[in-house]
Amino acid sequence: MSPRVTASSEHPAAVPAHQLRAALADYTGARRAAMPAAYSQYRVEAGGTGAGTEVGWRFQATKKRVREQLVRVSEEADGTLVEADTRSSMVTRWSVAPTGVNACTVSSTTTWDGASGVGGFFERTFAPLGLKRVTGELVANLERELKKG
1 MSPRVTASSE
11 HPAAVPAHQL
21 RAALADYTGA
31 RRAAMPAAYS
41 QYRVEAGGTG
51 AGTEVGWRFQ
61 ATKKRVREQL
71 VRVSEEADGT
81 LVEADTRSSM
91 VTRWSVAPTG
101 VNACTVSSTT
111 TWDGASGVGG
121 FFERTFAPLG
131 LKRVTGELVA
141 NLERELKKG
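Residue numbers (our numbering): 1 to 149.
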């Protein structure tokens, strides 16, 4: 069995939690516009808002590592968005918690079955740092778009 890799991060945003949560779940509008450069060939294949959405993209994690992803979105009872890649073991959970009237924290946790051996060591060491950077870019882009309003 492959070792499990986990990448978790938290990103503050100076916008109301309900607005950022709605933008995060808006795969046809806000989310499409806010995707960082690491994502390309973005397409919505079903749905478009929250649970039931199917969205695809190419995620370029490094110069050599590109993932073709087709993600199915579900929603947990507490409002957590869950993006499960149908082509791999990768699952990302997004939650948004208010920290004030016009402030929130976005938390993301991504898990997948990683490589073993030396390659797996580097994956477990460096992939979480790269994902933290990319999720931070996404949250900052969403925040910027919401402030333009």
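Ideal Cβ positions, reconstructed from N, Cα and C, are used throughout, including at glycine. All of these numbers come straight from a predicted model, not from anything done at the bench.
- Per the coordinates, the alpha-carbon of Q19 lies some 8 Å from the alpha-carbon of L146.
- By the beta-carbon neighbour count (other beta carbons within 10 angstroms, threshold 16), S95 is buried.
- In the three-state reduction of the DSSP assignment, R58 falls in the strand class.
- Annotation note: the stretch 89 to 114 contains the following uninterrupted beta strand (DSSP E) runs of length 3 or greater, listed N- to C-terminal: 91 to 100, 103 to 113.
- DSSP links L70 through a beta bridge to G56.
- Under the criterion of beta carbons closer than 8 Å, Q69 and R43 do not qualify as touching, at roughly 11 Å.
- Taking the Cα of S2 as reference, the smallest distance to any Cα among G117, E10, R72 is reached at G117.
- Here DSSP, grouped into helix, strand and coil, assigns V15 to coil.
- Contact between R93 and V82 holds, since their C-beta atoms are separated by about 5 Å, short of 8 Å.
- When only Cα atoms are considered, T6 and T111 end up about 4 Å apart.
- Cα atoms of Q41 and A77: separation of roughly 31 Å, rounded to the nearest angstrom.
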